[in-house]
Structures are given as C-alpha cells and as structure tokens.
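Chemist:
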Ligand code: CMX
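Put into structure tokens, the structure is as follows:
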C-alpha cells in the first residue's frame, strides 16, 4: 500500500497538482468585484467549464489500483475526492490554492500594525483562488460582524448545557441548531432549482463562519467564567472580535496568534475526518450548518482535533511525574512509558504527512518571536528532539514527526488560555473556513451524493479466492 501511495503521490507531483499555483482555470484578479459573492458569481461559469473539460479529457483514466488492504486500512492513500481549497503533499505539507504557509503569510493582507495574515483573506483565497485586496478583506470583516448574532434559542441551548459537557459537544449542538434559519434549507423547501443552490449555500456559509465567535465565546464564558459576553465590534477584524468574546483582547499577541491559528488550521485538503464529514453530509444536500455540525463531531475525536487538548494534558502529566526541567533521559523514559501503556503520543504522527508539519513550524516560529523563554515552549522543543527517535525505534508509526496539535496549546497557554478542553473549539472555528468554502463549490458545481461501495469480509474472500493479484 505504501508503494501505491508513493506512486500516486509521485504522479500527482509530476502533474504539478500539489504545487500548482493555478487553482482555477482563471485566476485573473477581481478588479471591480467589491464582494466575495459578486466575484464568485463571475468565477462559477468558468469553473463549470473547467470541470467539464477535465472530466472530458481525463474522466475515463485510471487513478491507480485499489488494494484490499485499503478497504480495511481506513482508505489511506485512496484517491477518492475532489477538494479545491488545498492539497496536502506528504513531504512538503499543505498548500492553500497552491500557496505554502510562508507564501500566504507574506501575501495575505494584515491588520494595521499586525504581522500575521487575516483569516478573512484566507477565506477569500480558498473560495476564489485569488489574493484579495485590503479593502476586500475589510468588507468581509464588516459583513461577518453584521451577521454575527445568534438566535435567542441557540443562546438558550448553550446556556442550558451543564458546564461539565465537553465544549465540543456544546459547539456541535449550537452549530446544528443554526439550521433553523438556513437559507439553503428554506430555498430547497420552496423548490429552488439545482443551478441556484450555490447562492443560499454561500449565505449559510457566511452566516456559519460569522456566528462562530458568539457561540465559542458564550461556551467559554459559561464553562470557565468571565461574565457577560460583550458585543461584536464591526470596526474590528474577525480574530480581534473572537479574542474579545473570549475575554483575551487585552493581549495583542493573543489576537495575532488567533489570526495565524485560524489561517493555518482552516483547511487540510478533503480526506481528513472533519473535512470529509462536512463534504459527505453536505452531499445529501444537508445545509452547511448540519454538514459542519457533523464535521465538528469528527474533529472532537482524540486522533483528530482533540489531540491539541490531549497534548497539553500529556505535557502536564509528564511535568507532574518527572518535574519541570527534566533531563532528556527522563523525558525519553516518559515517552516510552506512554507507548508501553498502549497509548499514542499525542501531537505526533499523521495519516498523510511524512515530515514535520509546516503548521507546527509556523507556530514554532511564532513562539521563537513572542515567547522564546517560555518554559512550556522549551519543553515542546525538547520533546521534538526526543519523540521522533523513540517512535522510530518503536517501529510502528509511519511518521514520527510532530503535527499541528503538538504546538498550539503551548501558545494558547502562554497567553493565559489554559482551559485545555476548549482548545478543539478554536480548531473548529478555523476548520469552518475550509469546509464552508468547499461546500459552496460543491453546490455550485453540482457535486453528487457520495455513495462509495462497501464489501463484507465474506464477499472479499469469495471475490479474491482464486486471484493471485
Ligand atoms: N504514538 C504512538 N503510536 C502511533 C503514533 C503516535 N503518535 N502515530 C502512529 N502510531 C501507531 C498507530 O497507532 C498504528 O498502530 P497500530 O498498528 O497498533 O494500529 C501504527 O503506528 C501505524 O499508524 P500510522 O499508519 O503511522 O498512522 P495512522 O494513519 O493510522 O494514524 C494518526 C495517524 C494521526 C491518527 C496517528 O499518528 C496518531 O494517533 N497520532 C497521535 C494523535 C494525533 O496527534 N492526532 C492529530 C493528527 C492531526 C489532526 O488531525 O489534528
């Protein structure tokens, strides 16, 4: 299977898909389009032609054999989905519409005085394949601020949750309940034509992203305290408002961190659990709130987004067991004890990546700039020098290197957010950007209902009984 994966990756690399800077057939900059929706309306007919041409030219070509092991092995490496916002290369990491993380850090508009990219710009890029102007990004900030209020009954749902209910469960419930006001669900009931699906999907996608700070802020304050939720400020960007609602806007570094955090956590191609779940559920024409609510339930798993919480819990346990400023030898022994206890080392390994996750590197660079002497950051750096060797020696993990979740909690803790159970909610806010942008395109391009074929083990045995390969 590894050979197949590598063959497919090489052929993808040769074709330039992973590193393509093209994204769309046409990426001519939007000169006049003031709003994202206007620009999208211009792009959709061209992209429909682009997809038609790709299917006409390549539709009947084989994308490599499928091994029975892939059916049993979580479909690793199986080419099975179209996802336009980003492509993940096993060695290089993620590219958003063809651009690496350092490239988007350079190219996307920043807040006045800020150095990190504004996630509004990343969303524009994911949706259109184009780098927006500062004005376009400001318009998007204002649009999201105007859409940010959540219905009273959703506030009630959150307020009625016991503080012991995990924040991700509260988050998923609240997002699912937003379906009450879905423009798509309403339009569908009113008999909207297929060709028009993307319009109300776009409105729902924008509402979804816009309302997440109010949901996240309310959950945070209900569970951990912090008083009444302040109002959204329409003159501030999305991350600034999120920081305000969480009660951390007195720390400029935290606001900058959120801008970087949301940008790098937004999208990681289509096959990961949260992205694929959103696409799958959306393929039944469930509206973006239902689809993304389902994504969140997948993100809440410890092998996926919950790993950012697990990393901090693991680090704290390590510190209480072997003390702070422990020697490399003591840390190594602790890592081995984790493995021998039949547990995974959280924040390490990946289903696709085979090198250090560039999202980890971006966060490490942020730490070097803003918190170089922080003891917990130093521990994370120390672990980086130890865990890969242990995982390699243990001999099971295909990728011994750290992923995005190995670093994020340390940065949040530095700014005072040590409520580890909340960390995955921030991942969820970010992941909405990727899932929502793909949902818009899926409806614009008429993506069909997903329905892959499954087999029983009995059927596999019969089918392959007399076949040697
Ligand atoms: N610690 C211990 N064992 C690990 C490991 C780790 N960090 N990473 C992989 N392994 C083990 C697997 O559990 C598997 O063991 P079994 O054969 O006993 O089942 C074996 O190595 C082979 O796994 P793999 O093919 O290398 O990895 P998978 O594609 O199956 O899983 C992932 C990928 C991320 C779930 C896994 O590396 C892991 O559990 N990591 C720790 C949890 C984590 O950090 N998740 C976050 C990923 C990023 C994200 O989605 O947010």
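In full-length UniProt numbering, the protein residues as written are 1 to 469. Quick reminder that beta carbons are idealized off the backbone N, C-alpha and C, glycines included. Treat the numbers as computed from the prediction; the structure is a model and nothing was measured.
Here's the rule: buried if 16 or more other CB atoms are within 10 angstroms of the residue's CB, otherwise exposed. What is residue 106?
Modeler: The residue is exposed, with fewer than 16 neighbouring Cβ atoms inside 10 Å.
Chemist: Assuming residue 401 and residue 356 make a contact with CB atoms under 8 Å, what is their CB distance in whole Å?
Modeler: That pair is a contact at about 4 Å.
Chemist: Under the three-state reduction of DSSP, which class applies to residue 448: helix, strand or coil?
Modeler: In this structure, residue 448 counts as coil in the three-state DSSP scheme.
Chemist: At the level of alpha carbons, what is the spacing between residue 90 and residue 461?
Modeler: Cα-Cα distance, rounded: 32 Å.
Chemist: Using only the alpha-carbon positions, how far apart do residue 343 and residue 323 sit?
Modeler: Spanning the two alpha carbons is a distance of roughly 21 Å.
Chemist: Check for me: the alpha helix (DSSP H) holding residue 208 runs from which residue to which?
Modeler: 198-224 is the span of the alpha helix (DSSP H), which, as asked, contains residue 208.
Chemist: Using C-beta distances below 6 Å, list every residue in its chain close to residue 184, excluding the 5 sequence neighbours before and after it, in chain order.
Modeler: 200, 201, 204, 287, listed in sequence order.
Chemist: Would you list, in sequence order, the uninterrupted alpha helix (DSSP H) runs of no fewer than 4 residues that lie entirely inside the stretch 331-379?
Modeler: As far as the stretch 331-379 is concerned, its whole alpha helix (DSSP H) runs of at least 4 residues are 358-370.
Chemist: So, helix, strand or coil for residue 278, using DSSP?
Modeler: Residue 278: helix per DSSP, three-state reduction.
Chemist: Which runs of the beta strand (DSSP E), 3 residues or longer, sit entirely within the stretch 69-109?
Modeler: Those beta strand (DSSP E) runs which fall completely within the stretch 69-109 and span 3+ residues are 86-89, 93-96.
Chemist: Rounded to whole angstroms, what's the CA-CA distance from residue 430 to residue 467? Just pull it up for me.
Modeler: Those two C-alpha atoms are separated by around 47 Å.
Chemist: On the criterion of 16 or more Cβ atoms from any shown chain inside 10 Å, does residue 469 qualify as buried, or is it exposed?
Modeler: Burial call: exposed.
Chemist: Should residue 146 be labelled buried (16 or more other beta-carbon atoms within 10 Å of its own) or exposed?
Modeler: Exposed, because fewer than 16 other Cβ atoms sit within 10 Å of the Cβ of residue 146.
Chemist: For my contact list, residue 175 and residue 289 are in at a C-beta cut-off of 8 Å; report their separation, rounded to the angstrom.
Modeler: Contact holds; Cβ gap of about 6 Å.
Chemist: Any chance the stretch 108-122 sits against the stretch 251-261, with 3 or more Cβ pairs inside 8 Å?
Modeler: Contact holds: three or more Cβ-Cβ distances are below 8 Å.
Chemist: Per DSSP, what kind of secondary structure is residue 325 in: helix, strand or coil?
Modeler: Correct three-state label for residue 325: coil.
Chemist: Among residues of its own chain, excluding the 5 on either side of residue 439, which ones have a beta-carbon nearer than 7 Å to its beta-carbon?
Modeler: Excluding positions up to five away in sequence, the list reads 201, 205, 278, 282, 288, 291.
Chemist: Which value, in whole angstroms, describes the spacing of the CA atoms of residue 151 and residue 465?
Modeler: For residue 151 and residue 465, the distance between alpha carbons rounds to 58 Å.
Chemist: Going by C-alpha distance, which of 42, 83, 122 is nearest residue 102?
Modeler: Out of 42, 83, 122, 122 has the C-alpha closest to the C-alpha of residue 102.
Chemist: Does the distance from the CB of residue 319 to the CB of residue 421 come in under 8 Å?
Modeler: Result no, Cβ atoms of residue 319 and residue 421 do not sit closer than 8 Å.
Chemist: Quick one: what's got a C-beta closer than 7 Å to residue 432's C-beta in the same chain, skipping five residues either side?
Modeler: Once the five neighbours on either side are set aside, the close Cβ partners of residue 432 are 208, 209, 212, 292.
Chemist: Does ligand 1 have a heavy atom nearer than 7 Å to the CB of residue 350?
Modeler: Within the cutoff, so yes.
Chemist: When you measure from the CB of residue 303 to every non-hydrogen atom of ligand 1, does any distance come out below 7 Å?
Modeler: For ligand 1, at least one heavy atom lies less than 7 Å from the Cβ of residue 303.
Chemist: Can you find the residues in the same chain that come closer than 7 Å, C-beta to C-beta, to residue 366, ignoring five residues on each side of it along the sequence?
Modeler: Around residue 366: 257, 260, 411.
Chemist: Buried or exposed: which applies to residue 327, given that a residue is buried once 16 or more other Cβ atoms fall within 10 Å of its Cβ?
Modeler: So residue 327 counts as exposed.
Chemist: Using only the alpha-carbon positions, how far apart do residue 451 and residue 187 sit?
Modeler: Approximately 25 Å between the Cα atoms of the pair.
Chemist: Less than 7 Å separating the Cβ of residue 307 from some heavy atom of ligand 1?
Modeler: Because some heavy atom of ligand 1 lies under 7 Å away, the Cβ of residue 307 counts as near it: yes.
Chemist: Does the Cβ of residue 376 have 16 or more other Cβ atoms within 10 Å, making it buried, or fewer, making it exposed?
Modeler: So residue 376 counts as buried.
Chemist: Taking the alpha helix (DSSP H) that residue 245 belongs to, which residues open and close that run?
Modeler: Run containing residue 245: 238-246, per the alpha helix (DSSP H) assignment.
Chemist: Measuring alpha carbon to alpha carbon, tell me which residue in 136, 223, 139, 358 is nearest residue 165.
Modeler: It is 223 whose Cα lies nearest to the Cα of residue 165.
Chemist: In this structure, does DSSP put residue 2 in helix, strand or coil?
Modeler: Per-residue confidence for residue 2 stands at a pLDDT of 49, beneath the threshold of 50, marking its modelled position as unreliable; the derived number appears in the next sentence. Correct three-state label for residue 2: helix.
Chemist: Got a sec: does ligand 1 put a non-hydrogen atom nearer than 7 Å to the Cβ of residue 270?
Modeler: For ligand 1, not one heavy atom lies less than 7 Å from the Cβ of residue 270.
Chemist: Whole angstroms is fine: what's the gap from residue 98's alpha carbon to residue 190's?
Modeler: In a straight line, the C-alpha of residue 98 is about 38 Å away from that of residue 190.
Chemist: Kindly indicate the opening and closing residues of the alpha helix (DSSP H) around residue 120.
Modeler: That run of the alpha helix (DSSP H) goes 119-128.
Chemist: Helix, strand or coil for residue 234, going by three-state DSSP, please let me know.
Modeler: Reduced to three states, the DSSP call for residue 234 is coil.
Chemist: Using alpha carbons as the reference points, say which of 407, 141, 325 lies closest to residue 235.
Modeler: For residue 235, the nearest C-alpha among the options comes from 141.
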